[in-house]
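Heads up, the thing below is written out as structure tokens.
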Amino acid sequence: MESQISFIFCSIFFSFTFLFSFFSLLIFLLRLKFGCSCEICQAFLSSRWSKDFDNLCDWYTHLLRKSPTGTIHIHVLRNTITANPANVEHILKTRFDNYPKGKPFSAILGDLLGKGIFNVDGESWNFQRKMASLELGSVSIRLYAFELVKMEIQTRLIPLLSSFARNGDVLDMQDVFRRFSFDNICKFSFGIDPGCLNLSLPISKLAVAFDTASKLSAERALAASPIIWKTKRLLNLGSEKQLKEAIKMVNQLADEVINHRRKMGFSDKNDLLSRFMASVNDDNYLRDIVISFLLAGRDTVASGLTSFFWLLSQSPEVESAIQDELDRIIGPNQELEGFESMKELHYLHAALYESMRLFPPVQFDSKFAKDDDVLPDGTFVRGGTRVTYHQYAMGRMERVWGSDSMEFKPERWLENGKFVQQNPFKYPVFQAGLRVCLGKEMAVMEMKCVAAALLRRFHIRVADPIQAPRFIPGLTATVRGGLPVVVEEREV
Ligand code: HEM
17 MESQISFIFC SIFFSFTFLF SFFSLLIFLL RLKFGCSCEI CQAFLSSRWS KDFDNLCDWY
77 THLLRKSPTG TIHIHVLRNT ITANPANVEH ILKTRFDNYP KGKPFSAILG DLLGKGIFNV
137 DGESWNFQRK MASLELGSVS IRLYAFELVK MEIQTRLIPL LSSFARNGDV LDMQDVFRRF
197 SFDNICKFSF GIDPGCLNLS LPISKLAVAF DTASKLSAER ALAASPIIWK TKRLLNLGSE
257 KQLKEAIKMV NQLADEVINH RRKMGFSDKN DLLSRFMASV NDDNYLRDIV ISFLLAGRDT
317 VASGLTSFFW LLSQSPEVES AIQDELDRII GPNQELEGFE SMKELHYLHA ALYESMRLFP
377 PVQFDSKFAK DDDVLPDGTF VRGGTRVTYH QYAMGRMERV WGSDSMEFKP ERWLENGKFV
437 QQNPFKYPVF QAGLRVCLGK EMAVMEMKCV AAALLRRFHI RVADPIQAPR FIPGLTATVR
497 GGLPVVVEER EV
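Position in the sequence shown counted from 1, then plus 16, gives you our numbering.
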């Protein structure tokens, strides 16, 4: 018996040792193949940058500021990174056909997103884009989204904060915003309510599975080479095994919803799934389309709100300007009721845009060049390599935003008190050009409603406002340690 146990232990030990050696050798060979002795690549490979910078994005920002063209090249990653608006316009609009998402990206998210809009190029993207633009552009869906958001705020968000205000307990606002936006995007996309913001309920299976699946899919991008995660997937090991299980769960739940909707009828429903059912018969394709919306619309909104409340904690004058506007537009001590008055909140709109300039929810975004090309700043891009536009760095470049680029100044978005959009290629927070975010209006509406409702009723004091956010690597900016706050009810 004893010898059997030691045999099993030895086998496990040797399997792990073998795998460890295999991956180490692989990384070593990759370094040899793409090896580069330049200072930037060496700092990247040895993680030396982390001595001086909290976040990789801050290091890239530093390098991009120093570069005369606003473009750098990380040779070992075969990645050209730019913060130059003329290059961004070239990639996202002028030579759009040469810069698809490409196979390496769609492979990373492919198991979770399938052929959903977020993950495809060409005909399939074109078809979904047209269909989705038509639906999302309609007045009826905007009003539907507004009513959903209002309901979630009134029946869940405000009662939750009130209870924390009564108890004086510390609350993690990042977690609250993630739960809030998951409830909303599920209701909007699927017509189902996972009830995540209801803290007394166990967190829904869908939320847990979806969280695991998106986190582990994003981690694939951090592997030194795709061969690493592909080998783990082949052998059904570790994180790849977990990912497979989480995706299976997401698929099962999505299939249940689709089957149920087919049985019950969908023509009188307003959610996206029901709307798409009118034009798509293939249930797998329907699943893929709707899961893309879940991914696109969930963490982005939560991330935008988290940094906004952190920035407000540093800028009381901005908070009081928002309060003044709320008094003026919706009246002292009144709640935001109508869609039209929400559109009149120009200062709040500007403050949210300004906050996402400094803390974009999507910090960078990559494409793959099909053929060799030359960017407007003269940078040569080799076909088959990666090109990244860096939203986070762009918001912090003096040459793009002026000498006050690091200041939180909503006024820079206002002309005669009205919000004025800037060149989208200098602010590609929602991407820009032909693939600009489809949920932009909905996202801003959601953020405005939450900010207005919370600032009206509560003093939200960030527990440690001095601590600048440090981010966890992933698809969307997530603050390490969350945003702990203390909430107090305002005197009315
Ligand atoms: C503050 C919130 C948001 C930000 C900052 C944001 C940003 C972005 C960015 C940068 C992209 C391009 C990603 C890429 O191609 O790799 C994108 C695409 C997209 N977004 Fe958003 N997004 C937000 C909210 C939303 C919401 C709420 C929805 C859904 C209702 C949504 C739906 C989409 C879709 C469907 C795409 C894919 C468009 C396409 O490929 O044609 N987004 N978004």
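We put the beta carbon where it would ideally sit given N, CA and C, even for glycine.
Next on the checklist: Check whether the segment 337-351 and the segment 407-422 are in contact - that is, three or more C-beta pairs closer than 8 Å.
Outcome noted: Using a Cβ-Cβ distance cut-off of 8 Å, the segment 337-351 and the segment 407-422 are not in contact, since fewer than three pairs of beta carbons, one from each stretch, lie closer than that value.
Checklist entry - Considering only residues of the segment 45-130, which uninterrupted beta strand (DSSP E) runs meet the minimum length of 3 residues and lie entirely inside it, listed in chain order? => result If one requires a minimum length of 3 residues, the beta strand (DSSP E) runs lying completely within the segment 45-130 are 87-90 and 95-98, in chain order.
Checklist entry - Is any heavy atom in the ligand HEM found nearer than 7 Å to the beta carbon of residue 465? => result Within the sequence shown, the letter at position 449 stands for residue 465. Every heavy atom of the ligand HEM is 7 Å or more from the Cβ of residue 465, so no.
Item to check | residue 497 in three-state terms, based on DSSP | outcome: As a working note, residue 497 is residue 481 in the sequence shown. Coil at residue 497, not helix or strand.
Checklist entry - According to DSSP, is residue 405 helix, strand or coil? => result Here residue 405 refers to the residue found at position 389 when the sequence shown is read from its first residue. Residue 405: strand per DSSP, three-state reduction.
Item to check | C-alpha distance - residue 387 paired with residue 396, whole-angstrom precision | outcome: For the purposes of this step, residue 387 is taken as residue 371 along the sequence shown, with counting starting at 1. For the purposes of this step, residue 396 is taken as residue 380 along the sequence shown, with counting starting at 1. Spanning the two alpha carbons is a distance of roughly 11 Å.
Next on the checklist: the ligand HEM and residue 377: does the residue's C-beta get closer than 7 Å to at least one heavy atom of that ligand?
Outcome noted: Translated into the one-based positions of the sequence shown, residue 377 becomes position 361. Remark: the shortest separation between the CB of residue 377 and any heavy atom of the ligand HEM falls under 7 Å.
Next on the checklist: The beta strand (DSSP E) that contains residue 384, what's its start and end?
Outcome noted: Working through the sequence shown from its first residue, we reach residue 384 at position 368. The continuous beta strand (DSSP E) containing residue 384 extends over residues 381-384.
Next on the checklist: Starting from residue 266, trace the alpha helix (DSSP H) in both directions and tell me its first and last residue.
Outcome noted: Taking the first residue of the sequence shown as position 1, residue 266 is located at position 250. Start and end: 254-280.
Checklist entry - residue 464 and residue 365 look like a contact to me (Cβ under 8 Å); what is the Cβ gap, rounded to whole Å? => result Sequence index remark: in the sequence shown, residue 464 carries index 448 (1-based). Sequence index remark: in the sequence shown, residue 365 carries index 349 (1-based). Residue 464 to residue 365, Cβ: 7 Å. Contact.
Checklist entry - Can you tell me whether DSSP reads residue 24 as helix, strand or coil? => result Mapped onto the sequence shown, residue 24 falls at position 8. Summary for residue 24: the model assigns pLDDT 49, below 50, so the residue's position carries little reliability, and this model does not support an answer.
Item to check | the segment 479-496 / the segment 59-73 touching (three or more Cβ pairs under 8 Å) | outcome: Segments in contact, yes.
Item to check | Pick from 449, 373, 441 and 363 that is closest to residue 431, judged by C-alpha positions | outcome: On the sequence shown, residue 431 is found 415 positions in, with the first residue counted as 1. Ranking 449, 373, 441 and 363 by Cα distance to residue 431 puts 363 first.
Checklist entry - Whose CA, out of 183, 200, 240 and 178, lies closest to the CA of residue 167? => result Along the sequence shown, one-based indexing puts residue 167 at 151. It is 200.
Checklist entry - Is residue 381 near the ligand HEM, judged by its Cβ being under 7 Å from some heavy atom? => result The residue labelled residue 381 in the question sits at position 365 within the sequence shown. Yes - the ligand HEM has a heavy atom lying nearer than 7 Å to the Cβ of residue 381.
Item to check | N- and C-terminal bounds of the beta strand (DSSP E) containing residue 476 | outcome: Taking the sequence shown and counting its residues from 1, the one referred to as residue 476 is at position 460. For residue 476, the enclosing beta strand (DSSP E) stretches over residues 474-478.
Checklist entry - For the candidate residues 127, 239 and 344, whose alpha-carbon lies nearest to that of residue 61? => result Indexing the sequence shown from 1 puts residue 61 at position 45. Closest option to residue 61, judged by alpha-carbon separation, among 127, 239 and 344: 239.
Next on the checklist: I'd like to confirm something about residue 148: is its beta-carbon nearer than 7 Å to some heavy atom of the ligand HEM, or not?
Outcome noted: Start at 1 with the first residue of the sequence shown, and residue 148 comes out as number 132. It does: the Cβ of residue 148 is within 7 Å (strictly closer) of some heavy atom of the ligand HEM.
Checklist entry - Just checking my contact of residue 190 with residue 318 at CB under 8 Å: how many whole Å lie between their CB atoms? => result The residue you call residue 190 lines up with position 174 of the sequence shown. The residue you call residue 318 lines up with position 302 of the sequence shown. Contact flag correct, Cβ pair sits at about 7 Å.
Item to check | Of the residues 65, 84 and 265, the one placed nearest residue 76, counting alpha carbons only | outcome: As a working mapping, residue 76 is identified with position 60 in the sequence shown. Taking only the C-alpha atoms, the option nearest residue 76 is 65.
Checklist entry - Where do the N-terminal and C-terminal ends of the alpha helix (DSSP H) with residue 429 fall, by residue? => result On the sequence shown, position 413 is the one that residue 429 refers to. Residue 429 -> no alpha helix (DSSP H), and no H or E assigned at all.
Next on the checklist: Using 8 Å for Cβ pairs, my map puts residue 262 next to residue 225. What's the rounded Cβ distance?
Outcome noted: Numbered from its first residue, the sequence shown carries residue 262 at position 246. Numbered from its first residue, the sequence shown carries residue 225 at position 209. Distance from residue 262 to residue 225 at the Cβ level is roughly 5 Å; contact confirmed, criterion being Cβ atoms closer than 8 Å.
Item to check | Near the ligand HEM: residue 154 beta-carbon under 7 Å from a heavy atom | outcome: Stepping through the sequence shown from its first residue, residue 154 is reached at position 138. Incorrect: residue 154 has no Cβ contact closer than 7 Å to the ligand HEM.
Item to check | Euclidean distance between Cα positions of residue 231 and residue 221 | outcome: Against the sequence shown, residue 231 aligns to sequence position 215. Against the sequence shown, residue 221 aligns to sequence position 205. Whole-angstrom Cα-Cα distance: 15 Å.
Next on the checklist: At the level of alpha carbons, what is the spacing between residue 192 and residue 287?
Outcome noted: One-based indexing of the sequence shown puts residue 192 at position 176. One-based indexing of the sequence shown puts residue 287 at position 271. Their Cα atoms are separated by approximately 23 Å.
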